[in-house]
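A.B. asks: Residue numbers (the working numbering), protein chains in the order written: chain A, 57 to 374; chain B, 57 to 374.
Here you go, one structure.
Number of protein chains: 2
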Amino acid sequence: MKNILVTIPVNDGHRERIRGIAGGCRVDFVPRNEVTEAQVAEASVIIGNVPAKMIRASQRLELLQLESAGADAYIAPGLLSPATVLCNATGAYNRAVSEHAVALTLMLMKKLHLYRDAQRAALWTDCGSVSSPVGATVLVVGLGEIGLQYAAVMKAMGANVIGVKRRPGPCPAGIDQLVLTEEIDTVLPRADVVCSILPGTAATVHFYTPERFRLMKKSALFINCGRGNAVDSDVLLKALQEGEIAAAATDVTEREPLPGDHPLWRQENMVITPHVAGGYHLAHTHERIVDIACENLRRWMRGEEACNVVDFETGYRR
Amino acid sequence: MKNILVTIPVNDGHRERIRGIAGGCRVDFVPRNEVTEAQVAEASVIIGNVPAKMIRASQRLELLQLESAGADAYIAPGLLSPATVLCNATGAYNRAVSEHAVALTLMLMKKLHLYRDAQRAALWTDCGSVSSPVGATVLVVGLGEIGLQYAAVMKAMGANVIGVKRRPGPCPAGIDQLVLTEEIDTVLPRADVVCSILPGTAATVHFYTPERFRLMKKSALFINCGRGNAVDSDVLLKALQEGEIAAAATDVTEREPLPGDHPLWRQENMVITPHVAGGYHLAHTHERIVDIACENLRRWMRGEEACNVVDFETGYRR
């Protein structure tokens, strides 16, 4: 009898669905922080981000279905046996992360961070002019599903959307203009909003250089809901302090948690959320993760090819 | 020669436009706080909210074009001569106020107010589950242009929109269901978001009673970007303190400014902005006010009927 180890959060309905698919297998539901090395070693399928160090190239492991989009911790050479198929949960986070990015954009446009600060001091104070999505040029850097969903909402609110992507291709619906990543410097000076949804790859580390911040409008708003290491926190701080851009909001930082003594925390025109855009914060995300896991479990039972298979070159879905 | 007194903010382009229309008249541009009683008494047309007490039923005043949507201060019997046509700037604020309401809604949904508080303490802390516009039932109370524009964005983000209006009529495009104001209690229990854009009339004072807050879901979010006196601040505070609703955001309060010692300021699940959704905070609003004023000035020059004429019964556009 093969073992299936499930470490993602599940409710009764999820348990029933998984057991229904895995007829003839033993299914163990174990919270991630209670998993033992023995359970990992005996599993043919693992659903959930078990600690990477526990895997030890298990020969028995046929399918590792992550609950995250990022797979960085699992693609190190030798960590997984060549026989193991690694799948991620790309797609599960689209709605949650794109909405969080829209919320952060509007918060900055309407200066709601400054009004929240004023409220804490019981101050009925006018913080001055605001901006609007209508007619704004919004640069969406990284055109995966999250970027496309963010773009669609901004466009529905009246923005002119420029999409930035790595590889040439047709302009997706809802994008007014498409430019290649290598051409980004030609459009940065036109952007009222730069929203970064770049994945964490070698090519995107410190993508936003001091020169790129200088190319932006002094009134530009910078949003990061992709990977934290696309921006050096000190470079971002300097761009804000020196007025290269007007304000920024980020859900991710290069070091997480951002150290408590980092001055970015106290920069007034900086909004920080602690990597919560994704996760299990939206019920929909949880359902989508279970959906992806169930689909791959079903395929594995039938000997079919998995979906959401991770490309070890990029760390992302093939 | 007739006098035209302009007290709204104007730039060189605006001055030129107004002078271009008002050929043969004397045009004075005077900031509102520098206007004299003599200037008001001599004006045939006033563009701007001059202090009501200065008007003294001037027989000379033919057109008073306000820069606000509300005209409450100018409809008192005897204040204006029967010969004066009173016009407001309804329409100028639609974009700014509807966007502010969307921004507040997303702020509450994504708990960005709590994350801002955590940021101020340099705390990388997870504030738990969030909600999404997708599939949310959003009640839009007051279906003027602001309410309709708010509804359109929430619908584009996936919400199910119920519109609430005073008079029966066809269901406007973008509204999934229409109910009459007198029937609101039948739909309040279904709402995930209640967004109030009610005008300030006798019928809307303290519209949101304790009973109505009790009818709402405990998870409901309440937004007010209409008039402050639709909600008694103490009733709202109690609804938040007792968990009748999950959170609220308001741009308006019954007393403005909200007194510094009012506990609403310090209620964590309450977001307050100081009546800034409208005003001149968005450049677009300013242009629209000038557009309306120029249109009515043009009509007055030609002896045509004005637009945006205030109904003295309701205080709003006829």
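Glycine is no exception: its CB is placed at the ideal position from the N, C-alpha and C atoms.
Quantities reported herein were computed from a predicted structural model and do not represent experimental measurements.
Less than 8 Å between the C-beta atoms of residue 145 of chain A and residue 118 of chain A, yes or no?
C.D. replies: no
A.B. asks: I'd like to confirm the pairing. Which residues does DSSP put opposite residue 251 of chain A in its beta bridges?
C.D. replies: A:196, A:279
A.B. asks: Beta-carbon within less than 8 Å of residue 310 of chain A's beta-carbon, same chain only, minus the 5 sequence neighbours each way: which residues are those?
C.D. replies: 284, 285, 287, 288, 289
A.B. asks: Which residues does DSSP pair with residue 183 of chain B in a beta bridge?
C.D. replies: BP columns for residue 183 of chain B are empty, so no partner.
A.B. asks: My output table needs one value for residue 221 of chain B: the three-state DSSP class, helix, strand or coil.
C.D. replies: strand
A.B. asks: So which residues of chain B does residue 303 of chain A contact, with C-beta pairs closer than 8 Å?
C.D. replies: Listed along chain B, no residue sits closer than 8 Å to residue 303 of chain A by beta-carbon distance, the nearest being about 13 Å off.
A.B. asks: Return no unless some Cβ of chain A is closer than 8 Å to the Cβ of residue 357 of chain B.
C.D. replies: no
A.B. asks: Are there three or more Cβ pairs, one per stretch, closer than 8 Å when the region 152-161 of chain A is compared with the region 145-163 of chain B?
C.D. replies: yes
A.B. asks: Of the residues that make up the region 319-352 of chain B, which ones have a beta carbon closer than 9 Å to any beta carbon in chain A?
C.D. replies: 321, 322, 326, 327, 328, 329, 330, 331, 332, 333, 335, 336, 337, 338, 339, 340
A.B. asks: Is the beta carbon of residue 325 of chain A closer than 8 Å to that of residue 308 of chain A?
C.D. replies: no
A.B. asks: With DSSP as the reference, identify every bridge partner of residue 103 of chain B, one or two as the case may be.
C.D. replies: As a beta-bridge residue in DSSP terms, residue 103 of chain B pairs with B:62, B:121.
A.B. asks: Which residues in the same chain have their Cβ closer than 6 Å to the Cβ of residue 305 of chain A, if we skip the five residues on either side of it in sequence?
C.D. replies: These residues qualify, in order along the chain: 160, 164, 279, 327.
A.B. asks: Take the Cβ of residue 175 of chain A as the centre, count every other Cβ of all protein chains shown within 10 Å, and call the residue buried at 16 or more, exposed below.
C.D. replies: By the C-beta density criterion, residue 175 of chain A is buried, having at least 16 other C-beta atoms within 10 angstroms.
A.B. asks: If you draw a straight line from the C-alpha of residue 233 of chain A to the C-alpha of residue 357 of chain B, how long is it?
C.D. replies: If you draw a straight line from the Cα of residue 233 of chain A to the Cα of residue 357 of chain B, it is about 45 Å long.
A.B. asks: Anything in the region 131-146 of chain A with a Cβ closer than 8 Å to a Cβ of chain B? List those residues in chain order, please.
C.D. replies: none
A.B. asks: Would you call residue 189 of chain A buried or exposed, if buried means 16 or more other Cβ atoms sit within 10 Å of its Cβ?
C.D. replies: Here residue 189 of chain A is buried: its Cβ has 16 or more other Cβ atoms, across all protein chains shown, within 10 Å.
A.B. asks: List the residues of chain B that residue 188 of chain A touches, going by C-beta distances under 9 Å, in chain order.
C.D. replies: 151, 152, 155, 338, 339, 340
A.B. asks: Shorter than 8 Å from the beta carbon of residue 185 of chain B to some beta carbon of chain A?
C.D. replies: Yes, residue 185 of chain B counts as interfacial toward chain A.
A.B. asks: Measure the C-alpha to C-alpha separation of residue 223 of chain A and residue 84 of chain A and round it to an integer number of angstroms.
C.D. replies: Counting only the Cα atoms, residue 84 of chain A lies some 42 Å from residue 223 of chain A.
A.B. asks: CA-CA distance, residue 364 of chain B and residue 351 of chain B?
C.D. replies: 10 Å
A.B. asks: Under 8 Å: do the region 57-64 of chain A and the region 74-81 of chain A share three or more Cβ pairs, one atom per stretch?
C.D. replies: They touch, by the three-pair rule.
A.B. asks: Check the Cβ of residue 194 of chain A against every Cβ in chain B and list those closer than 7 Å, keeping chain order.
C.D. replies: Under the 7 Å cutoff, chain B gives no residues; its nearest Cβ is about 14 Å from residue 194 of chain A.
A.B. asks: Determine the closest residue to residue 314 of chain A out of B:115, B:129, B:179, with distance taken between C-alpha atoms.
C.D. replies: Per the C-alpha coordinates, the member of B:115, B:129, B:179 positioned closest to residue 314 of chain A is B:179.
A.B. asks: Since residue 331 of chain B and residue 151 of chain B are thought to touch, with beta carbons under 8 Å apart, how far apart are those beta carbons, to the nearest angstrom?
C.D. replies: With a Cβ gap of about 17 Å, residue 331 of chain B and residue 151 of chain B do not count as contacting.
A.B. asks: With a cut-off of 8 Å on the beta carbons, I'd call residue 272 of chain B and residue 240 of chain B a contact; round off their distance for me.
C.D. replies: Incorrect: roughly 11 Å between the Cβ atoms, too far for contact.
A.B. asks: Kindly indicate if chain B contains any beta-carbon less than 8 Å away from that of residue 206 of chain A.
C.D. replies: no
A.B. asks: Figure out for me which residue from B:121, B:94, B:114, B:219 has the closest Cα to the Cα of residue 376 of chain B.
C.D. replies: Within the shown structure, residues of chain B are numbered from 57 to 374, placing residue 376 of chain B beyond reach of any answer.
A.B. asks: Use the C-beta contact count for residue 265 of chain A: other C-beta atoms within 10 angstroms, 16 or more gives buried, fewer gives exposed.
C.D. replies: So residue 265 of chain A ends up on the exposed side.
A.B. asks: Give a yes or no on contact between the region 245-261 of chain B and the region 194-207 of chain B, applying the rule of three or more CB pairs nearer than 8 Å.
C.D. replies: yes
A.B. asks: Is the shortest distance between the beta-carbon of residue 182 of chain B and the beta-carbons of chain A less than 8 Å?
C.D. replies: With 8 Å as the cut-off, residue 182 of chain B counts as an interface residue toward chain A.
A.B. asks: Name, going along the chain, the residues of the region 169-180 of chain B whose beta-carbon falls closer than 9 Å to a beta-carbon of chain A.
C.D. replies: 169, 171, 172, 173, 174, 175, 176, 177, 178, 179, 180
A.B. asks: Which full runs of the alpha helix (DSSP H) of 4+ residues lie inside the region 274-344 of chain A, going along the chain?
C.D. replies: 289-297
A.B. asks: With a cut-off of 8 Å on the beta carbons, I'd call residue 277 of chain B and residue 303 of chain B a contact; round off their distance for me.
C.D. replies: 5 Å
A.B. asks: Residues of chain A with CB closer than 7 Å to the CB of residue 313 of chain B, please, in chain order.
C.D. replies: The contacting residues are 180.
A.B. asks: Can you check which of these residues, A:261, A:355, A:335, is closest to residue 147 of chain A by C-alpha distance?
C.D. replies: A:335
A.B. asks: Cβ of residue 137 of chain A within 8 Å of Cβ of residue 114 of chain A?
C.D. replies: Going by beta carbons, residue 137 of chain A and residue 114 of chain A fall inside the 8 Å limit.
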